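First up is the structure itself, then whatever we jot down about it.
Number of protein chains: 2
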Amino acid sequence: MLGRAKVAFLLADDFEDSEFRGPYDALTAAGFEAVVVGAEQGQHLEGKHDESVSVDRSIVDARPEDYSAVVIPGGHSPDRLRADERFVRFVQAFDRLGRPIAAICHGPQLLLSAGLVKGRTLTAWPTVQGDLRFAGAIVIDEPVVHDRNWITSRGPRDLDSFCAALVRALR
Amino acid sequence: MLGRAKVAFLLADDFEDSEFRGPYDALTAAGFEAVVVGAEQGQHLEGKHDESVSVDRSIVDARPEDYSAVVIPGGHSPDRLRADERFVRFVQAFDRLGRPIAAICHGPQLLLSAGLVKGRTLTAWPTVQGDLRFAGAIVIDEPVVHDRNWITSRGPRDLDSFCAALVRALR
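Chains A and B supply the protein sequences, listed in that same order. In terms of the numbering used here, the first sequence has 58 at position 31, counting the first letter as 1, and numbering is strictly consecutive. In terms of the numbering used here, the second sequence has 186 at position 159, counting the first letter as 1, and numbering is strictly consecutive.
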């Protein structure tokens with residue numbers, strides 16, 4: 028049995044609630060399986076507001092080739108993820124597969140720390156846009172930016188276009 | 028009357044409590060006047076834990092030449108400050124005066140967004156160290172790094188050396 032296409036959400040505490048919930052619901056409604064990948068299986072992760080999510084799969088056991096796409100919600104979660112070399116290596120390996128990576132708000136911080144942004148075109152939360160430019164990325168201040176396998180957005184107000192672009196990329 | 032030398036603390040919500048309180052108490056104990064500079068005078072700013080601090084002076088009214096040094100505590104405060112062009116311009120003007128700037132943890136994010144880090148030697152919170160390197164800074168993973176007028180540290184566990192270096196620079 029092949030099962031449904033799986034999408035990994037890379038998540039740590041203090042994520043921006045809507046940037047997890049929006050894509051999660053959009054993907055499951057579209058028939059995809061959403062998998063929360065975190066530091067420790069079963070761990071409860073808290074959003075900045077009121078979401079509490081449990082980790083489906085530890086990063087230790089997550090294999091990039093098992094997933095059709097990766098989503099990186101924003102908030103303070105990406106700064107925690109990029110402090111953990113396992114998430115950095117995961118996203119590097121996943122990018123080599125050329126499959127969709129969707130990052131919103133502070134999400135692109137993980138791509139930056141993974142050394143992947145130089146020469147790439149993307150967007151992010153306004154303060155992160157500067158960091159990306161200094162790292163050699165081409166930054167565009169638009170709701171959704173596509174560059175090869177990357178889909179990036181600036182923040183919560185871009186969620187509708189971000190989710191739509193993500194679902195389209197998977198179909 | 029000349030009064031005591033004044034030190035500006037650049038602060039926004041969600042600052043790292045200890046990185047405000049430590050330098051603030053060290054400076055006042057050493058006889059300096061600490062001034063909290065924030066977006067709006069009288070506004071209450073909340074630390075990530077339990078500090079609540081009121082803003083002494085709005086950034087609108089703060090003149091770089093009135094201060095002998097600037098302190099930038101970490102936490103999520105620096106990412107808020109650098110989203111506000113007034114703080115970016117203040118720190119650019121203050122750096123031109125060549126007076127001490129002490130930034131700890133995520134504090135150097137403000138220096139990064141202000142376009143000041145290329146070719147400078149400094150340290151910061153581990154995840155921010157990467158952003159600084161990508162922006163052309165020389166990053167050293169040590170408790171306190173001095174470079175001309177800059178004093179930088181990595182985080183709360185470096186506070187003793189950070190505060191001592193700051194007080195020394197002002198004497």
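Built from N, CA and C at the ideal position, the CB exists for glycine as well. Model, not experiment: these values are computed from the prediction.
Give the DSSP-derived three-state secondary structure of residue i in the structure shown.
i	result
residue 28(A)	Since pLDDT at residue 28(A) reaches only 41, below the 50 mark, its modelled position is unreliable, and the value read off the structure follows with that caveat. Residue 28(A): coil per DSSP, three-state reduction.
residue 37(A)	strand
residue 171(A)	coil
By alpha-carbon positions, which one of the options ends up nearest to residue i?
i	options	result
residue 101(B)	57(B), 76(B), 94(B)	76(B)
residue 164(A)	143(A), 51(A), 116(A), 58(A)	143(A)
residue 55(B)	31(B), 45(B), 92(B), 66(B)	31(B)
residue 172(B)	196(B), 42(B), 61(B)	196(B)
residue 71(B)	40(B), 53(B), 116(B), 187(B)	40(B)
residue 92(A)	69(A), 73(A), 121(A), 67(A)	121(A)
residue 59(A)	67(A), 50(A), 65(A)	50(A)
residue 73(B)	198(B), 48(B), 176(B)	48(B)
residue 118(A)	98(A), 69(A), 45(A)	98(A)
residue 87(A)	66(A), 62(A), 147(A), 185(A)	66(A)
residue 64(A)	191(A), 80(A), 53(A)	80(A)
residue 94(B)	62(B), 198(B), 57(B)	62(B)
residue 84(B)	115(B), 68(B), 78(B)	68(B)
residue 177(B)	187(B), 123(B), 157(B), 158(B)	123(B)
residue 146(B)	166(B), 57(B), 133(B)	166(B)
residue 194(A)	38(A), 44(A), 57(A)	57(A)
residue 170(B)	152(B), 159(B), 158(B), 53(B)	152(B)
residue 112(B)	38(A), 157(A), 89(A)	157(A)
residue 89(B)	182(B), 116(B), 159(B)	116(B)
residue 175(A)	38(A), 192(A), 181(A)	192(A)
residue 25(B)	33(B), 38(B), 198(B), 125(B)	Absent from the model: residue 25(B). The displayed extent of chain B is 28 to 198, so no value can be given.
residue 133(B)	181(A), 33(A), 103(A), 114(A)	103(A)
Hey, is residue i's beta-carbon within less than 8 Å of any beta-carbon in chain B?
i	result
residue 106(A)	yes
residue 148(A)	no
residue 184(A)	no
residue 130(A)	no
residue 101(A)	no
residue 117(A)	no
residue 157(A)	yes
residue 162(A)	yes
residue 138(A)	no
Determine, using beta carbons only, whether residue i comes closer than 8 Å to chain A.
i	result
residue 45(B)	no
residue 32(B)	no
residue 113(B)	no
residue 28(B)	In this prediction, residue 28(B) has a pLDDT of 42, which is less than 50 and means its spatial position is unreliable; nothing more can be read from the coordinates.
residue 39(B)	no
Is any heavy atom of the ligand GDP found at a distance shorter than 7 Å from the C-beta of residue i?
i	result
residue 148(B)	The model depicted lacks the ligand GDP and carries no ligand whatsoever.
My understanding is that residue i touches residue j, with C-beta atoms under 8 Å, so please give their C-beta distance in whole angstroms.
i	j	result
residue 149(A)	residue 105(A)	Rounded, the Cβ-Cβ distance is 13 Å, inconsistent with contact.
residue 135(B)	residue 96(B)	At roughly 16 Å, the Cβ-Cβ gap does not stay under 8 Å, so residue 135(B) and residue 96(B) are not in contact.
residue 189(B)	residue 131(B)	6 Å
residue 200(A)	residue 140(B)	What the structure shows of chain A is the stretch from 28 to 198, and residue 200(A) is not part of that stretch, so it cannot be assessed.
residue 161(A)	residue 161(B)	6 Å
residue 52(A)	residue 78(A)	About 12 Å separates the two Cβ atoms, so there is no contact after all.
residue 186(B)	residue 46(B)	7 Å
Could you name the residues of chain C that residue i contacts, counting a contact when the two beta carbons are closer than 7 Å?
i	result
residue 153(A)	Among the chains of the structure shown, chain C does not appear; the protein chains present are A and B.
Give, in chain order, every unbroken run of the beta strand (DSSP E) that is at least 3 residues long and sits entirely within the stretch 51 to 123 of chain A. Those beta strand (DSSP E) runs which fall completely within the stretch 51 to 123 of chain A and span 3+ residues are 60 to 65, 71 to 73, 79 to 81, 96 to 99.
Within the stretch 121 to 166 of chain B, note down every full alpha helix (DSSP H) run reaching 4 residues or more, in order along the chain. 135 to 140, 153 to 161
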